[in-house]
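Protein sequence lines correspond, in order, to chains X and F.
Its first residue numbered 16, the first sequence is counted upward by one per residue in our numbering.
Its first residue numbered 221, the second sequence is counted upward by one per residue in our numbering.
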Amino acid sequence: MSSSTAAADAADAAHVVTPGRRLGLTQEYEAGSGTYVRNGMIYASLLGVRKTKTEAEATTMGGATAGADRPDETSGRPTNPTIYVERRSTRYAIPVIGSEVLARVVRINPRAASVAIMMVDSAPCQEEFLGTVRVQDIRATEKDLVQMIGSFRPGDIIRAEVISLGDQRSYYLSTTRNEHGVVFAQSEAGNSMVPVSWEEMLDPKSQAVEKRKCAKPVAAAAV
Amino acid sequence: MTSNIYDRRRVNGPARSVEPVYIDAIEPMAFPEGLRNDGRSLDQLRPIYIKTGLLAAQQTFSSTAPSGSAYYEQGKIRVSCAIYGPRQGRKSNPRIGSFDCDFQYAPFSCSWKKRSHIRGADEKETAQILEQAIAPAIRLEAYPKACIDAYVTVIESDGKFATISAAINCISAALADAGIELYDTVAACSMSSDSSRWVADCSQLEEDASSCSQLVAYMPSADEITYLLQNGKSTLDRTEQAVQACTNSCTRVYAVISRYLQSSMEQPGI
């Protein structure tokens, strides 16, 4: 195991690039994450290892970089290999519209819940970002009948989607999807609760049921 | 700041500390045999040492560790920088991120006077210089609504312009270590002149004896000067000459920084 990593490191070492290093022409390659394009040339924007992948192996790159060029040509012309720069150590993420975030509910009031965003698309945030879930963005149906106290409580961990960059203070999030909502909560007695339906959670020790807008549990492999 | 500041909450060292006077010290800007006091030629830079990642989480065991850090030495100049970010910005522009810099001299860093813990006007001015020199190199459009903060501390200073260039180089290395998207790493270099010729990378004694100092911050991949600062009197021709020579020196500094960053990646487990 260690010898194969050492061999991989040695192969990678030959392709370490610093920001500003030229990687290739836009005629021959697509620009992937960790790169930028200027005057028909692709340059590295990160300190990392230069790699290429062909269209056949291309899966959606994890949201490591916000706003980087992404290859999305689906027209008939033959696609070039994508060149990208990979950085093995932690990349800190910032929320972008459409990304899925994990957040902790900090404060609630009847109109909105304030949350602290901790992770974006499985990458941590360096410091928590402030987010807001408005009461009309909690559920997809019967939006006017939603009550905040029956959906979130302070201390709950929720999975949500960023719908807007919001205002000066916070991002706007929504939990309208089935997979979004409370993933972890503690009951008033202090025990961890398990979801029993989309709107109820059960405390296994005290058998108390509390109302929350629960996230549909996903299979372990998908997470 | 005057040297008689007394801080009752701290153990105050001597109010003023100076280097001992050497009996056979040579006139700083007179160059017998074309060499300077420390044996360098007129266009030779002081040796550079860089190390990144010293403030990383596994080093400091802290949950509030910076995203990236660098320690930079150039001759006697020692500068350290910590980068925090991208994190929630106070200015919060939805299209583009912001870069803020905080610069301070450690109280013991300048051998000719004791600095106060409160930021002085020159520290605030230098912080603005650093922001203007580095911000063009960061891909701020990749970090909308977020801000990237750099905290620079000068541990030892030797030549005002040389220290500012060292701070710029240190921030560049720390940003690369933090994984912030950059167009290029900015390299900076300084020169001073005593109205006859330009001398690269001057120490404090040489700078005090000069009539004009210049600083250039340069991005080689875009062939762009991001910041140009001149202090003192010079003619247009001599300034142009100096800008050209300083830019060439910046390219040499850039090579040192790039070589270090590459070798830092080649260690296992990075």
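The beta carbon of each residue, even a glycine, is placed where N, CA and C say it ideally should be.
These numbers were taken from a predicted model, which means no experiment stands behind them.
Let me know if residue i comes out buried or exposed under the rule of 16 or more other beta-carbons within 10 Å of its beta-carbon.
i: F167 (chain X); result: buried
i: V231 (chain F); result: exposed
i: A234 (chain X); result: exposed
i: E70 (chain X); result: exposed
i: G259 (chain F); result: exposed
i: K344 (chain F); result: exposed
i: R85 (chain X); result: For R85 (chain X), the predicted model reports a pLDDT of 42, less than 50, meaning its position is unreliable; a value from the coordinates is still stated below. Under this definition R85 (chain X) is an exposed residue.
i: S423 (chain F); result: buried
Please report how far the alpha carbon of residue i lies from the alpha carbon of residue j, in whole angstroms.
i: Y474 (chain F); j: G170 (chain X); result: 48 Å
i: F323 (chain F); j: R36 (chain X); result: 29 Å
i: Y304 (chain F); j: D227 (chain F); result: 30 Å
i: R298 (chain F); j: S377 (chain F); result: 7 Å
i: I316 (chain F); j: S484 (chain F); result: 30 Å
i: Q264 (chain F); j: Y187 (chain X); result: 55 Å
i: K231 (chain X); j: L217 (chain X); result: 15 Å
i: Q464 (chain F); j: T383 (chain F); result: 20 Å
i: C140 (chain X); j: Y107 (chain X); result: 5 Å
i: F319 (chain F); j: P327 (chain F); result: 26 Å
i: A276 (chain F); j: S385 (chain F); result: 24 Å
i: K228 (chain X); j: S202 (chain X); result: 14 Å
i: D421 (chain F); j: A29 (chain X); result: 33 Å
i: T346 (chain F); j: A204 (chain X); result: 55 Å
i: V419 (chain F); j: A407 (chain F); result: 18 Å
i: V100 (chain X); j: Q294 (chain F); result: 30 Å
i: R310 (chain F); j: P286 (chain F); result: 18 Å
i: A128 (chain X); j: A366 (chain F); result: 21 Å
i: A138 (chain X); j: M411 (chain F); result: 44 Å
i: C470 (chain F); j: E444 (chain F); result: 11 Å
i: R211 (chain X); j: E157 (chain X); result: According to the sequence provided, residue 211 (chain X) is Val. The question's Arg does not apply to it. Answer to the nearest angstrom: the Cα atoms are 21 Å apart.
Under 9 Å Cβ-Cβ, which residues of chain X neighbour residue i?
i: L481 (chain F); result: V31, T33, P34, L62
Anything in chain X within Cβ reach of residue i, meaning under 7 Å, just list it in chain order.
i: K365 (chain F); result: L180
i: Y304 (chain F); result: Q141
i: Q308 (chain F); result: E142, F144, L145
i: R359 (chain F); result: Y51, S60
i: A396 (chain F); result: T33, P34, L62
i: C441 (chain F); result: The sequence as given places Ser at residue 441 (chain F); Cys does not occur at that position. G35, Y58, listed in chain order.
i: S478 (chain F); result: T33
i: S287 (chain F); result: Y107, Q141
Tell me which residue opens and which closes the beta strand (DSSP E) that residue i is part of.
i: R298 (chain F); result: 297-308
i: C390 (chain F); result: Element bounds for C390 (chain F): not the beta strand (DSSP E) but the alpha helix (DSSP H), 380-398.
i: I172 (chain X); result: 172-179
i: A366 (chain F); result: 366-376
i: T41 (chain X); result: Segment: none, T41 (chain X) is in no beta strand (DSSP E) and carries neither H nor E.
i: Y186 (chain X); result: 186-189
i: L217 (chain X); result: 215-217
i: C432 (chain F); result: 432-439
i: I320 (chain F); result: A small correction: the amino acid at residue 320 (chain F) is Asp; Ile does not occupy that position in the sequence shown. Segment 318-325, the beta strand (DSSP E) holding D320 (chain F).
i: P210 (chain X); result: 209-212
i: F199 (chain X); result: 196-199
i: C229 (chain X); result: Element bounds for C229 (chain X): n/a, residue is neither H nor E.
i: E293 (chain F); result: 288-294
i: C330 (chain F); result: It is not in any beta strand (DSSP E) - C330 (chain F) carries neither H nor E in the DSSP assignment.
i: T97 (chain X); result: 97-101
Near residue i, which residues of its chain fall below 8 Å by C-beta distance, leaving aside the five closest residues on each side in sequence?
i: R192 (chain X); result: A155, E176
i: L40 (chain X); result: G55, M56, I57
So, at 6 Å on beta carbons, what are the nonlocal neighbours of residue i in its own chain, with the 5 sequence-adjacent residues on each side left out?
i: M163 (chain X); result: I123, P125, V150
i: R102 (chain X); result: L61, G63
i: S441 (chain F); result: D404
i: Y447 (chain F); result: Q352, A353, A437
i: Y51 (chain X); result: Y58, S60
i: L449 (chain F); result: L435
i: T105 (chain X); result: none
i: V372 (chain F); result: C301, F323, A387
i: E361 (chain F); result: I316
Just reading off the alpha helix (DSSP H) that residue i is part of, what are its end residues?
i: C470 (chain F); result: 456-485
i: D421 (chain F); result: Neither: D421 (chain F) is in no alpha helix (DSSP H) and is coded neither H nor E.
i: K344 (chain F); result: 341-354
What residues in its chain sit with their C-beta under 7 Å from that of residue i, if we drop five residues either side in the sequence?
i: S431 (chain F); result: S413, D414, S415, G452, K453
i: R184 (chain X); result: L145
i: I173 (chain X); result: A118, V120, V130, F167, T190, G196, V197, V198
i: L180 (chain X); result: I112, Y186
Cβ closer than 9 Å: which chain F residues qualify as neighbours of residue i?
i: I172 (chain X); result: None at all; the shortest Cβ gap to chain F is about 18 Å.
Quick one: list the residues of chain X neighbouring residue i, beta-carbon separation under 8 Å, in chain order.
i: P314 (chain F); result: L180
i: G402 (chain F); result: It is worth fixing the name first, because residue 402 (chain F) is Leu in this sequence and not Gly. Here the neighbours are P34, G35, S60, L61.
i: T405 (chain F); result: T33, P34, G35
For residue i, go through chain F and note every residue whose CB falls closer than 7 Å to its CB, in chain order.
i: I109 (chain X); result: P306, Y363, A366
Exercise for the section: Could you name the residues of the stretch 181-207 of chain X whose beta carbon sits closer than 9 Å to any beta carbon of chain B, in the order they occur along the chain? Expected result: The chain inventory of the structure shown lacks chain B, comprising the protein chains X and F.
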